[in-house]
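**Student:** First the structure, which I've put down as structure tokens, then a few questions once you've had a look.
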């Protein structure tokens, strides 16, 4: 009987690593597992542990990994995690024929052409232009971004590090928040987008607004959504408005008439709040470009494990 070959797919963030297996040529994910990155000293240790637990009877011959950070050259360093590795050395240690590493939001972007209508929730905008660039963006441990352009049956992804661009403070409150944290920084520098538009960003906004309790990002969003804490409600309101401005800025810069897709688990937790917030108003509020941006649909991706789907669909460069 012919042996079935499998691909290992992984989405490695700053906090968790999500892993799965799929048959070569298939996007059906099996043995999906989430592991805390802090439990492992290296990426190799995490992958080796997973393969030991799940792949004993399967021929895993290739891997496609999505990492939070830029992918340049053979040696990779994670942005929000103290892991570095050589792609070639990792492939040899895991005894794989092929190993490919993608930026995590390039993997998310690669999944978007394969999503179905029930995998997303639209907030505002018109109909997407199927021939135009699509923007994938998402807040988590950091703020990831990538674009994807489809051409017939194929597509090409363009990862970016827009989360590290300076944030635009448009209101008095936003300027006060930025100035509060700029004064606290050693060089008195304006923090970047992901300093505020991330899990820790909720904490930064909450602190600058005078929040005095020790809360987690989940605590803040939960209290905001059930309207039990005015400080948390204001914090999440600022977050959603700022996210709208940033999505609009990136969309008008990249010509993302194919739509803006917000991925990751964080925003899904407060989707009704986001829809009722100033998110879409701020998305469109770009002066002469308002009508241009009103056309662009924005979506929250509700499907789980979209980076793993993108990894499963990715065409690998076989040696």
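Residue numbers (our numbering): 2 to 320.
Glycine included, C-beta positions come from ideal geometry on N, C-alpha and C.
Here the structure is a predicted model, which is why all the values come from computation and not from measurement.
#1: Looking at C-alpha atoms only, which residue of 85, 134 and 203 is the closest neighbour of residue 143?
#2: Counting only the same chain and skipping the five closest in sequence on each side, list residues whose C-beta sits under 6 Å from that of residue 76.
#3: Could you compute how far the alpha carbon of residue 270 sits from the alpha carbon of residue 264?
#4: When burial is assigned at 16 or more other CB atoms within 10 Å of the CB, is residue 320 buried or exposed?
#5: Indicate whether residue 198 and residue 249 have their beta-carbon atoms separated by less than 7 Å.
#6: Taking the C-alpha atoms as reference points, what is the distance between residue 56 and residue 221?
#7: Which class does residue 79 belong to by DSSP, given the choice of helix, strand or coil?
#8: Within a Cβ cutoff of 6 Å, which residues of the same chain sit near residue 103, ignoring the five residues on either side of it in sequence?
#9: Can the beta-carbon of residue 136 be found closer than 7 Å to that of residue 277?
#10: Assuming the contact rule is C-beta atoms closer than 8 Å, residue 115 and residue 314 should be a hit. Round their C-beta distance to whole Å, please.
#11: Helix, strand or coil, according to DSSP, for residue 160 in the structure here?
#12: Quick check on DSSP: helix, strand or coil for residue 41?
#13: Give the C-beta separation of residue 82 and residue 15 to the nearest angstrom, bearing in mind that I take them to be a contact with Cβ-Cβ under 8 Å.
#14: Closest by CA to residue 60, which one among 45, 97, 73 and 34?
#15: Return the chain-ordered list of same chain residues with a C-beta closer than 6 Å to the C-beta of residue 41, the five sequence neighbours on each side being excluded.
#16: So, with DSSP's three-state summary, where would you put residue 173?
#17: Measure the Cβ-Cβ separation of residue 300 and residue 177 and say whether it is below 7 Å.
#18: Report the rounded CA-to-CA distance for residue 285 versus residue 308, giving the unit in angstroms.
#19: Hey, residue 193 and residue 234 are a contact pair by Cβ (cut 8 Å); roughly how many whole angstroms apart?
#20: Keeping to the same chain, check which residues put their C-beta closer than 7 Å to that of residue 229; ignore five residues upstream and five downstream.
#21: Considering just the uninterrupted stretch of the alpha helix (DSSP H) at residue 110, what are its terminal residues?
#22: Quick one: what does DSSP say residue 86 is sitting in, helix, strand or coil?
#23: What is the DSSP secondary structure of residue 9, reduced to helix, strand or coil?
#24: Please determine, among 27, 93 and 101, the residue with the shortest C-alpha to C-alpha distance to residue 74.
#25: Between residue 157 and residue 9, what straight-line distance do the alpha-carbon atoms span, to the nearest angstrom?
#26: So, with DSSP's three-state summary, where would you put residue 275?
#27: Just curious, the alpha helix (DSSP H) that residue 285 is in, first and last residue?
#28: Return the first residue and the last residue of the alpha helix (DSSP H) that residue 221 is part of.
#29: Given this structure, state the Cα-to-Cα distance separating residue 259 from residue 129, to the nearest angstrom.
#30: Can you name, in chain order, every residue of its own chain whose Cβ lies under 6 Å from the Cβ of residue 34, other than the five neighbours on each side?
#31: What separation, rounded to the nearest whole angstrom, lies between the Cα atoms of residue 304 and residue 127?
#32: Spatial neighbours of residue 24 within its chain, please: CB distance less than 8 Å, with the 5 preceding and 5 following residues excluded, ordered by chain position.
**Tutor:** So, from the data block:
#1: By one-based count along the chain shown, residue 143 stands at place 142. The shortest C-alpha separation from residue 143 is found at 203.
#2: Working through the chain shown from its first residue, we reach residue 76 at position 75. Excluding sequence neighbours, residue 76 sits near 87.
#3: The sequence position of residue 270 within the chain shown is 269, counting from 1. The sequence position of residue 264 within the chain shown is 263, counting from 1. Distance between the alpha carbons of residue 270 and residue 264: 11 Å.
#4: Position 319 of the chain shown, counting from 1, holds the residue named residue 320. With a pLDDT of only 49 at residue 320, under 50, the local geometry of the prediction cannot be trusted, and no value is derived from it.
#5: Within the chain shown, the letter at position 197 stands for residue 198. Within the chain shown, the letter at position 248 stands for residue 249. Their beta carbons are not under 7 Å apart, which means residue 198 does not touch residue 249 by this criterion.
#6: For this step, residue 56 is matched to residue 55 along the chain shown. For this step, residue 221 is matched to residue 220 along the chain shown. Just so you know, the alpha carbons of residue 56 and residue 221 end up roughly 39 Å apart.
#7: Within the chain shown, the letter at position 78 stands for residue 79. Residue 79 falls in the coil class under three-state DSSP.
#8: If you number the chain shown from 1, residue 103 lands on position 102. Only residues of its own chain outside the window of five on either side were considered, and among them 67 have a CB closer than 6 Å to the CB of residue 103, listed in chain order.
#9: Here residue 136 corresponds to residue number 135 of the chain shown, with the count starting at 1. Here residue 277 corresponds to residue number 276 of the chain shown, with the count starting at 1. For residue 136 and residue 277, no; Cβs fall outside 7 Å.
#10: Along the chain shown, one-based indexing puts residue 115 at 114. Along the chain shown, one-based indexing puts residue 314 at 313. That pair is a contact at about 6 Å.
#11: The residue labelled residue 160 in the question sits at position 159 within the chain shown. When secondary structure is reduced to three states using DSSP, residue 160 falls in the strand class.
#12: Taking the first residue of the chain shown as position 1, residue 41 is located at position 40. Reduced to three states, the DSSP call for residue 41 is coil.
#13: What you label residue 82 is simply residue 81 of the chain shown in a count that begins at 1. What you label residue 15 is simply residue 14 of the chain shown in a count that begins at 1. So it is a contact: roughly 5 Å between Cβ atoms.
#14: Within the chain shown, the letter at position 59 stands for residue 60. Per the Cα distances, 97.
#15: Within the chain shown, numbered from 1, the residue matching residue 41 stands at position 40. Taken in chain order, the residues that qualify are 47.
#16: The count along the chain shown starts at 1 and reaches residue 173 at position 172. Looking at residue 173 - three-state DSSP - the assignment turns out to be helix.
#17: Start at 1 with the first residue of the chain shown, and residue 300 comes out as number 299. Start at 1 with the first residue of the chain shown, and residue 177 comes out as number 176. Not in contact: residue 300 and residue 177 (Cβ atoms no closer than 7 Å).
#18: Numbered from 1 along the chain shown, position 284 holds the residue referred to as residue 285. Numbered from 1 along the chain shown, position 307 holds the residue referred to as residue 308. Cα to Cα, the separation comes out at about 28 Å.
#19: The residue given as residue 193 occupies position 192 in the chain shown. The residue given as residue 234 occupies position 233 in the chain shown. About 25 Å; that fails the 8 Å criterion.
#20: The sequence position of residue 229 within the chain shown is 228, counting from 1. Excluding the 5 residues flanking it on each side, residue 229 has no same chain C-beta neighbour closer than 7 Å.
#21: Here residue 110 corresponds to residue number 109 of the chain shown, with the count starting at 1. Segment 105-112, the alpha helix (DSSP H) holding residue 110.
#22: As a first step, residue 86 must be located in the chain shown, where it is residue number 85. In the structure shown, residue 86 sits in a strand (DSSP, three-state: E or B).
#23: Start at 1 with the first residue of the chain shown, and residue 9 comes out as number 8. Three-state DSSP puts residue 9 in a strand.
#24: Walking along the chain shown from the start, residue 74 turns up at place 73. Out of 27, 93 and 101, 101 has the C-alpha closest to the C-alpha of residue 74.
#25: As a first step, residue 157 is located in the chain shown; it is residue number 156 there, counting from the start. As a first step, residue 9 is located in the chain shown; it is residue number 8 there, counting from the start. If I take the Cα positions, the gap works out to 22 Å.
#26: Here residue 275 refers to the residue found at position 274 when the chain shown is read from its first residue. In the displayed model, residue 275 falls within a helix according to three-state DSSP.
#27: Mapped onto the chain shown, residue 285 falls at position 284. Run containing residue 285: 280-285, per the alpha helix (DSSP H) assignment.
#28: Along the chain shown, read from residue 1 onward, the residue named residue 221 stands at position 220. From DSSP, the alpha helix (DSSP H) with residue 221 extends over 218-226.
#29: By one-based count along the chain shown, residue 259 stands at place 258. By one-based count along the chain shown, residue 129 stands at place 128. Just so you know, the alpha carbons of residue 259 and residue 129 end up roughly 5 Å apart.
#30: Residue mapping note: residue 34 aligns to position 33 of the chain shown, counting from 1. These residues qualify, in order along the chain: 20.
#31: Numbered from 1 along the chain shown, position 303 holds the residue referred to as residue 304. Numbered from 1 along the chain shown, position 126 holds the residue referred to as residue 127. Spanning the two alpha carbons is a distance of roughly 21 Å.
#32: Numbered from its first residue, the chain shown carries residue 24 at position 23. So the qualifying residues of the chain are 5, 6, 7 and 8.
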